[in-house]
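Asks:
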Amino acid sequence: MVKCCFMLICSFSAPSCYKSNTTSTGIHNDVDKLLENFTLDNSTYSLAQIRASFYPKFENEKSDQVERTRIIELVSKGLAILEVTLKHSGSLFMYAGPEGGAYSKNSYGNIYTAVGVFVLGRTFDEAWGSQANKIKAEFNEFIELNRMCISMELVTAILDHHGQCPHEDYVVVTAITELGAGKPKFYSTPDIIAFCRKWRLPTNHVWLFSTRKSVMSFFAAYDALCEEGTTTLVCKALNEVAVISFPGSKDHVKVQGEILEGLVARTVGNESLILMEQVLRDYPPTLFVGANHHLRPSLREIYDANRTDKKQLIKELLESVGTSFCPNYLDWCGNEASDSRSRNVDLDSSVISKFLQARPADFTTMKLQEMLRLMRDNKYHVAFKCYHNFHKINSVASDNRYFKMVIHVLDDSTFRKYHKEMRYKQGLWPLYRGFFVDLNIFKANKERVVEFSKEVDATVGTGSDAKDGLADKDANLMIKLKFLTYKLRTFLIRNGLSTLFNRGEAAYMDECVSQMQKWNISTTKETQLCKMLGEWAVYIRRKCGHKALSSSTYLSEAEPFLEQFASRTPQNLALVGSAGSLVRVEDFYITVKGGRDEEEGEQEREETTPPMVIEAIRKDEGVIVFFPGIPGCAKSALCEEILGSSGGLGDDRPVHSLMGDLIRGNYWKKVAEERRKKPSSILLADKNAPNEDAWRKIENICSSTKVSAIPVVPDSEGTESNPFSLDSLAVFIFRVLNRVNHPGKLDKSSPNVGYVLLMFYHLYDGKSRKDFETELIERFGSLVKMPLLRFDRSPMPECVTSILEEGINLYELHYRSHGRLDSTKGKYSEEWEMWEKQLRCTLLENAEYLNSIQVRFDFVVQEVRKQIKAAPIIEKGRSGSPVFAAITLSVSEILVLLDNIGKKDRDVEDLLKTSNLKSSLTKPHVTLAHKGSHGVTAVASYGPYLHQKIAISITVLLFSEKLAALEANPVGLVDGEKISSKNEWPHVTLWTAQGIAPKAADMLPKLVTEGKATRVEINPPITLTGILEFY
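Numbering-wise (UniProt numbering), the sequence shown opens with residue 1 and increments by one.
#1: Just the C-alpha distance for R423 and F791, rounded to the nearest angstrom, thanks.
#2: Label S272 either buried or exposed according to how many other C-beta atoms from any shown protein chain fall within 10 Å of its C-beta, with 16 as the threshold for buried.
#3: Where are the beta strand (DSSP E) runs, 3 residues long or more, that stay fully inside the stretch 689 to 766, in chain order?
#4: Counting along the chain, where does the beta strand (DSSP E) carrying T1025 start and finish?
#5: How should V538 be labelled, buried or exposed, when 16 other C-beta atoms within 10 angstroms of its C-beta is the threshold for buried?
#6: Between K443 and the rest of its own chain, which residues show a CB-CB distance below 7 Å, the 5 nearest in sequence each way excluded?
#7: Name the residue from E73, K525, L821 and F139 whose alpha carbon lies nearest to the alpha carbon of P98.
#8: How is Q256 classed by DSSP in three states: helix, strand or coil?
#9: List in chain order: all unbroken alpha helix (DSSP H) runs of 4+ residues lying wholly within the stretch 276 to 320.
#10: What three-state label does DSSP hand V864 in the structure shown?
#11: Nearest to Q278 by CA position, among R200, T267, L299 and F246, is which residue?
#12: Can you list, in chain order, the residues of its chain with a C-beta nearer than 6 Å to that of F772? Leave out the 5 residues immediately preceding and following it.
#13: Considering only residues of the same chain and omitting the five flanking positions on each side of K354, which have a CB-CB separation below 7 Å?
#14: Just mark Q571 as buried or exposed, buried being the case when its beta carbon has 16 or more other beta carbons within 10 Å.
#15: With H, G and I counted as helix, E and B as strand and the rest as coil, what does DSSP make of residue 1033?
#16: Looking at the secondary structure, which residues open and close the alpha helix (DSSP H) in which V510 lies?
#17: Among L549, D223 and D765, which one has its Cα closest to the Cα of L481?
#18: For Y1031 versus P882, is the C-beta spacing smaller than 8 Å?
#19: Can you tell me which of R840, S76, Y508 and I493 puts its alpha carbon nearest to the alpha carbon of T499?
#20: Name the one or two DSSP bridge partners that K904 has.
#21: Provide the residue(s) that pair with V268 in DSSP beta bridges, ordered along the chain.
#22: Are at least three pairs of beta-carbons, each pair with one atom in the stretch 841 to 857 and one in the stretch 734 to 743, less than 8 Å apart?
#23: Quick one: grab the DSSP three-state call for I630.
#24: Which residues does DSSP pair with M148 in a beta bridge?
#25: Determine the burial state of A968: buried for a count of at least 16 other Cβ atoms within 10 Å of its Cβ, exposed for fewer.
#26: Among the residues of its own chain, which have a CB less than 8 Å from the CB of L921, if the five just before and after it don't count?
#27: Can you give me the Cβ contacts of L356 inside the same chain, cut-off strictly under 7 Å, excluding the 5 residues immediately before and after it?
#28: Under a three-way DSSP split, which group does S829 fall into?
#29: Quick test of the definition: if touching needs 3 or more C-beta pairs under 8 Å, does the stretch 146 to 165 touch the stretch 109 to 125?
#30: Buried or exposed: where does I868 fall if 16 or more other Cβ atoms within 10 Å of its Cβ makes it buried?
#31: Tell me which residue opens and which closes the alpha helix (DSSP H) that H814 is part of.
#32: Could you check if M148 is buried or exposed, using at least 16 other CB atoms within 10 Å of its CB as the buried criterion?
#33: Once you ignore the five residues that flank G78 on each side, which residues in its own chain have a CB closer than 8 Å to its CB?
#34: Indicate whether C512 and L484 have their beta-carbon atoms separated by less than 8 Å.
#35: Could you work out which residue in E863, K837 and S941 is closest to L788 when comparing CA atoms only?
#36: Indicate the three-state DSSP secondary structure (helix, strand or coil) for W991 in the structure shown.
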């Protein structure tokens, strides 16, 4: 049964099994009759027991750049530590003991869980040898007794293919949860490692970054490796910049390979650093004593013997793992009389309804009822799949029913919607991924009724659940950082198979190019990948004909192709990272080192700057500050305050404003004209810019006048279809209704204020807050948020919400009939007139509330000025990974310096006259470190100082008939640390004759000693200031 976006799926059967029995239908009918005849009364109770849960879905509504900035801020202030782990490529597997069950992401009793139980059992065999059976029994008893769920990444060669066929089949523990009482409690990473070392379970590689410098270096290292990173290179780089590196017990290179899916970076509490150091002392690693112990057949051997019969394969795996992990096959087979997986849809709503209407027997049940009720009432896209709990089949009676329920979130947007509800409903439990619950609906006697009531009341009275060490909005800061060598296999090759075989090669290539452009990779990489993917498309189509290659087994064809492609040239091997036996990381590294020099990198500067590193707007460039907002968002008042404040925005650039209501004719044309007149000024575009048409015009102005643009938007949670919430809209309308003598005639004297603001509100329709912010950042590289509503505000009065919703519905009717015709015209004019009166009356009655929820305006001005001055921006059009770090100097200052030297030295004067030095000098810089010559970590080490001003001492001019350079040494300090170049001879290459590579300037000191070049001392040395940048 499907109701809007909400799905109730209750399947009253056991999961699939290798058995069959013709009597199953009768058994099911008899059991289902029990539920049909189950009546609800005051003695009906439900008891819910969470059996498995994985971490809540992290709220990645903001762009990675915004999340990075917040992470750096938290670590810099000492409020958090950044924890980074490897992302192994496999499937989620959760184990809660033989009674608790084994689960995959959204199901159980399937091939995934059978494989998971087998691999976990074999892990104990390898770790404990002859003691394995004893330890298995103790382990299962321990997690059953303590109601624990162990979550793992299950990596095998026989399940779905990811980025590379793993060398071994294994699990890595990623989370441990205690489910005994109240909300699930997740172990910290130090606790996970301690637990795993006690039981000899595989752990992941973990790095901790506790200083601003280390965090900045981490992000810089990732940016330098994002297009070519393989496991060895990435781990080596992170080991060098991390405060603590804790190697995993499973070496990714040995068990999975060089192709690394990515990294998971998240904030954790400051105590993690101390706890991790303590764990390393108290729980030393233990050798796996069973490595050479005689083991049963491996997973691949069992698979090879049963690959054509999945049911027989499950049977062999379960029998092989032994009784400690699998004392019975109930979750895979049900009881002897039932193996059907058929769904009885007639009972869908009945089970959920009975569970929600029954009285909760404990606090956990009450909280789960609250969760399910909210998702059902809001019609979230969630499936509740219920099965008979065959572990309890002997306890089933007419007044006692048992089920296993799978809460399957069908759309990631549900997590975002649910998270917003959590902001307003204190104590609402998180919505978990991999969410499995045992249900018991039963009738209780009087004594138990009293007992249940006391238990629920006592637990509720203890207060809210314990809070995390970080503030709620920061507790789940997480970024997933993936590598191109993995993405080209999964997203381009594997995910493109359907398009390639159904729509042809041209459509496939278009899809690949579109995807690569979203990733913002360098043009060079895009060209190389297009060539490789074009060859792949032709190759696989010819080999497979019209029979499509399965995405679950695509590596069987892709790996041989990639190995052959990589074997042709070192550049090809660098592109794919590794393939087949071609995993020579050292060779690849040498190829990068010898393949490009720093000056060649300069020629590709627009392609090789990292897409997600914060850039500072140069202070000699102009800026347009514009407002994608709605009338009443306070943009004019904000502009007035900025204009009137001393010091403008903190530098010497003049600030001026253009108010849209005072400009006749084409406003954006006027903005372009002002930009040309005052190229270095900061222009406040005091006009609402609510749609893509306005944004394109601003982009064109930026392109034609060499200016940057910063969007300033009112901060709001938004809705699923609009970046502004109803709270925000109410405040905007309220503000407009309280202003007088507005230049644009939109104030309290206007008869249709509500309609006008709804019209603006409608212009944003169809964009969630995430989409809105992401698009602005992608277009302009930055986003400034204007504080609007207090975070601790109480919910908006129902009458205000209701009047706004009425207006939105009326606007939709009006728009469908009349478009943007004035509300005083058309067939709804009377309804509009009545609604406008009701709106004013309602907002006036709630004036105290609407005033109280707004952030103080002086704080708004302060925050916006601070953000604009910081000017976080990504220069549009720059992409790829950085090749070297350098200090960029001003062309004009260099030329003035040379002219001054030329006035004192005739040879220098002749050089300036006879060469094209002045016209060819475009980006003078002092190289600090190059990825090829000095390594990724050397380049990344400058990340903490990115965009900082550095003083450079110019001491000598060296030149020959074909070369010219300045000897230059950084002399400035940044945050008390001296910045120095890792080059043997730091210099600024000024000029090379035609046909001479820029790198040849390195030879100038030697040419001077040989008498083939001239050396001119600059005494006293000249100090210039440059900006540290990545190229």
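Ideal placement from N, C-alpha and C gives every residue a C-beta, glycine not left out.
Replies: On the basis of the supplied data:
#1: 9 Å
#2: buried
#3: 708 to 714
#4: T1014 to F1030
#5: exposed
#6: S43, T44 and D399
#7: F139
#8: coil
#9: 299 to 306
#10: helix
#11: F246
#12: P723
#13: F38, L40 and I441
#14: exposed
#15: Here the chain comprises residues numbered 1 to 1031, so residue 1033 is not present and cannot be evaluated.
#16: A quick correction: the sequence has Asp, not Val, at residue 510. Residues E505 to W519.
#17: D223
#18: yes
#19: Y508
#20: According to DSSP, K904 bridges with nothing at all.
#21: I81
#22: yes
#23: coil
#24: E178
#25: buried
#26: V891, I894, L895, L990 and W991
#27: Q369, L372 and R373
#28: helix
#29: yes
#30: buried
#31: E798 to H818
#32: buried
#33: N270
#34: no
#35: E863
#36: strand
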